[in-house]
Amino acid sequence: MVHAIYSPVGNKLTCKNWETEALLRLFLNSLDPRVAENSNELIVYGGRGKAARDKHAMEAIIRELRQLDTDQTLLIQSGKPVAIFRTFPFSPRVLSSTSMIVPKWANDEYFSMLEKMGLTMYGQATAASWAYIGVQGVLQATFETMSEIANRYFNGSLKGKIVLTSGLGGMGSAQPLSVAMNGGVCIVVEMNESKINKRLVNNYCDIKANTVDEALQLAKEAAKKEQSLTIALLGNAADVYCEMVERGFTPHIVTDQTAVHDLLNGYIPSGLSLEQAYILRMKKPKKYIEMAQETVYAHVQSMCMLQDRGAIVFDYGNNIRGQAYKAGYEQAFSFPGFISEFLRPLYCEGRGPCRWIALSGDPSDIYKIDEVILSEFNRDERICRWIQFVQERIYFYGLPARTCWLNYHERRQLGDMINSMVASNQLSAPIAITRDHSEGSTMAAPTRETEDLLDGSDAVADWPILNGLLNACSGAAMVTIQHGGGVGIGNSIHTGMTAVADGSLEAAKKLSGLLTIDPGLNIIRHADAGYEKAESMLHKIGLKKPL
Ligand code: NAD
Numbered sequence: 001m002v003h004a005i006y007s008p009v010g011n012k013l014t015c016k017n018w019e020t021e022a023l024l025r026l027f028l029n030s031l032d033p034r035v036a037e038n039s040n041e042l043i044v045y046g047g048r049g050k051a052a053r054d055k056h057a058m059e060a061i062i063r064e065l066r067q068l069d070t071d072q073t074l075l076i077q078s079g080k081p082v083a084i085f086r087t088f089p090f091s092p093r094v095l096s097s098t099s100m101i102v103p104k105w106a107n108d109e110y111f112s113m114l115e116k117m118g119l120t121m122y123g124q125a126t127a128a129s130w131a132y133i134g135v136q137g138v139l140q141a142t143f144e145t146m147s148e149i150a151n152r153y154f155n156g157s158l159k160g161k162i163v164l165t166s167g168l169g170g171m172g173s174a175q176p177l178s179v180a181m182n183g184g185v186c187i188v189v190e191m192n193e194s195k196i197n198k199r200l201v202n203n204y205c206d207i208k209a210n211t212v213d214e215a216l217q218l219a220k221e222a223a224k225k226e227q228s229l230t231i232a233l234l235g236n237a238a239d240v241y242c243e244m245v246e247r248g249f250t251p252h253i254v255t256d257q258t259a260v261h262d263l264l265n266g267y268i269p270s271g272l273s274l275e276q277a278y279i280l281r282m283k284k285p286k287k288y289i290e291m292a293q294e295t296v297y298a299h300v301q302s303m304c305m306l307q308d309r310g311a312i313v314f315d316y317g318n319n320i321r322g323q324a325y326k327a328g329y330e331q332a333f334s335f336p337g338f339i340s341e342f343l344r345p346l347y348c349e350g351r352g353p354c355r356w357i358a359l360s361g362d363p364s365d366i367y368k369i370d371e372v373i374l375s376e377f378n379r380d381e382r383i384c385r386w387i388q389f390v391q392e393r394i395y396f397y398g399l400p401a402r403t404c405w406l407n408y409h410e411r412r413q414l415g416d417m418i419n420s421m422v423a424s425n426q427l428s429a430p431i432a433i434t435r436d437h438s439e440g441s442t443m444a445a446p447t448r449e450t451e452d453l454l455d456g457s458d459a460v461a462d463w464p465i466l467n468g469l470l471n472a473c474s475g476a477a478m479v480t481i482q483h484g485g486g487v488g489i490g491n492s493i494h495t496g497m498t499a500v501a502d503g504s505l506e507a508a509k510k511l512s513g514l515l516t517i518d519p520g521l522n523i524i525r526h527a528d529a530g531y532e533k534a535e536s537m538l539h540k541i542g543l544k545k546p547l
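Per the UniProt record's numbering, the sequence shown starts with residue 1, numbered consecutively.
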C-alpha cells in the first residue's frame, strides 16, 4: 500500500530549481489518487501504464529529484532511477527510456516475463513520461474525431445520432463527453461499476443503465428529441455488441476503448465477473488469454457486422483489430483506424496535442492563460470554441492543466506568452509545457499514428527517435523514449518531451526552439511520406528538407 501521493503546490521550491521542481510535481501529480486510475499500484492509466517501477523506485526518484543540481541529469530505466551524470545547465534534467526491448523479443509473453523478474515496466505513453493530466489529455483528439465524423457524414452535428463504444478508463472516458460536445447520444459499455460511478460524479456520463433494454430505450428517446445524452451501460462490451447484432439494432457510429492492447490486464473476457476475471488472471493467465482471444474475436466480428449494416466503425487506438487478427479473425482490418481516417490532415498541418500544467496548483493560472489564448488566437474559431467548451465542462483534479491542439507558430507563440506571464508575475508560479505522444513524428505505430502512410513507411521508427534526440539537445527538461504505448508491446515506438516556462531569459530561449520541434518534424515526416498538404506547409513556415 502506497501512502496517498500529492504534488506540492504554491511557489516555494522543494527542489534546487524550477526544472526539477516541475518534474517532481508532474511525477507526483500523475500518481495522485484523483488523477491516476490505480495510484496504490502506481498505475496511471491505459491498462497497466505506470509512472515508476515500484515503491522503492518511486521514493528514490523523489529523493534524487530533490537533490539534483542544475548541471546534473538523472537517468531512468523503465521506471527505476539508475544513474546521475554531470552534464550542463542546458541539458535535460531527466532522460528516461521505458519498455524498450530488442525487436525480436518484443512480444507480450517475453515482456511480461521480464516484468515479473522486476527488470522492466510498462510505461504506456504519458504515464512513464509523467505528463498525464487525466481524461482531458485525450479529450480534444476524441472531440476532433467525432467532429470530423459529424462534418463528413452528418452535416456537421451528431444530433439524433447514437454512438456505441466501451471503456470508461483514463482515456476512454473522453468518448461520451466528446459525443455530447457534438450533440449526439452515447452508449458506453463498462464492466467495472466503480469506474461508471466515478465518471457520473465527474460529469463525463449523465446516467447509468443496467440492461441493454434500458440503454436502448434511453438512447432512442434522446436521439428522437435530438438531445445529447451519455449513458454508461454496465456490461461486457463484446456481449453487448453481439446482442446489438442479434437484435438488429445498428448504431450510427461504433468503436471501442477498452484496454484490449493488453489482453491479460486490460480486457475482460466474456462470461466472467470482475472478481472472477481478477482471480483467473492471477491463477491461470494462459486460460485467461485464451478466453480474452475468443471474446475479442466475437467483439470485432460484431463490429464488422455492424459496419456491413451501415454503421461508421473505427479502431480508437487500442489495437482491437490487431488483437482480433491474432486471435484468428482474418477480416479484423475491415474497418480503419481513427488517425488514418480522421486525424492525419491535422498532423500534416503540424497541429498536435500540446498541454500545459500550472505548477502552482492554482486554477486561476490556467484561466489567465485561457484568456490570453482567446484574445491572441481570436481568429481561430476552432481554438476559441475548444477553450470555451473546456472552461465550462472540465473540472480540474490534481494540478490544473489545459490541453489544446496547436500548430507550429501557435505553439511557439504560446510558449513565449506563458513565459512572459510568469516573468511579469501574472501567474503565481512557473508552468510546465508538455504533450501527448500521439503525433506523426513522435509516435511510430503502424496500426495507429502511422497506419497506411502514402509511402508505406508505417513501421519506420526513426522519426520518434530523431524527435527525442533533437528535443534533448534543444533544452527540454525531460525527454523520454518509450515502446508499446497505446497499442501494446511490439506495436509502437514513441517519445515524450517536457519543458518549463519559469520566466527566465534562458527558458524563453529554450522554448522558442523547442516548441517548434514537434510540429515541425511532424510536417517534415508527412511531407517526406508524400502528403501534399504537409509539403505546402513546409514552404509556408520556411522549414528546409535537404532531400
Ligand atoms: P484503462 O485501463 O484506464 O481503462 C480500460 C477500461 O476498459 C476499464 O475501465 C475496464 O474496466 C474496461 N474494460 C476492459 N474490458 C472490458 C470489457 N470486455 N467490457 C467492458 N469494459 C471493459 O485504459 P484507458 O486509459 O481508458 O485506455 C483505453 C485504451 O485506449 C488502451 O488500449 C489505450 O492504450 C488506448 N489509448 C487510446 C488513445 C487514443 O487517443 N484513442 C490514447 C491513449 C490510449
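Yeah, the Cβ is synthetic: ideal placement off N, Cα and C, and Gly gets one too.
Check: Burial state of residue 454, where buried means 16 or more other Cβ atoms lie within 10 Å; Outcome: exposed
Check: Alpha carbon of residue 124 to alpha carbon of residue 484, nearest angstrom; Outcome: 7 Å
Check: Backbone secondary structure at residue 188 - three-state DSSP; Outcome: strand
Check: Simplified DSSP state of residue 453, which is helix, strand or coil; Outcome: coil
Check: Helix, strand or coil at residue 435 [DSSP, three-state]; Outcome: strand
Check: The ligand NAD heavy atom lying under 7 Å from the CB of residue 61; Outcome: no
Check: Through-space distance from residue 38 to residue 50, alpha-carbon basis; Outcome: 9 Å
Check: Span separating the alpha-carbon of residue 486 from that of residue 257; Outcome: 10 Å
Check: Best match in 358, 491, 334 for proximity to residue 319 [C-alpha to C-alpha]; Outcome: 491
Check: Cβ shell of residue 68 (< 8 Å), same chain only, five flanking positions each side left out; Outcome: 15, 16, 20, 74, 84, 93
Check: Distance cut-off 7 Å: residue 195 Cβ against heavy atoms of the ligand NAD; Outcome: yes
Check: Residue 234 versus residue 279: straight-line alpha-carbon distance, rounded; Outcome: 20 Å
Check: Near the ligand NAD: residue 168 beta-carbon under 7 Å from a heavy atom; Outcome: yes
Check: Residue 268 CB to nearest heavy atom of the ligand NAD below 7 Å; Outcome: yes
Check: heavy atom of the ligand NAD below 7 Å from residue 140 C-beta; Outcome: no
Check: Rounded Cβ spacing between residue 215 and residue 187 (contact assumed at less than 8 Å); Outcome: 5 Å
Check: Candidates 116, 6, 393, 532: closest to residue 177 by CA position; Outcome: 393
Check: Beta-carbon spacing of residue 332, residue 300 below 8 Å; Outcome: yes
Check: Cβ neighbours of residue 363 in the same chain (closer than 6 Å, five flanking residues each side left out); Outcome: 396, 400
Check: C-alpha distance - residue 24 paired with residue 478, whole-angstrom precision; Outcome: 11 Å
Check: Alpha carbon of residue 432 to alpha carbon of residue 101, nearest angstrom; Outcome: 30 Å
Check: Span of the beta strand (DSSP E) around residue 117; Outcome: Element bounds for residue 117: n/a, residue is neither H nor E.
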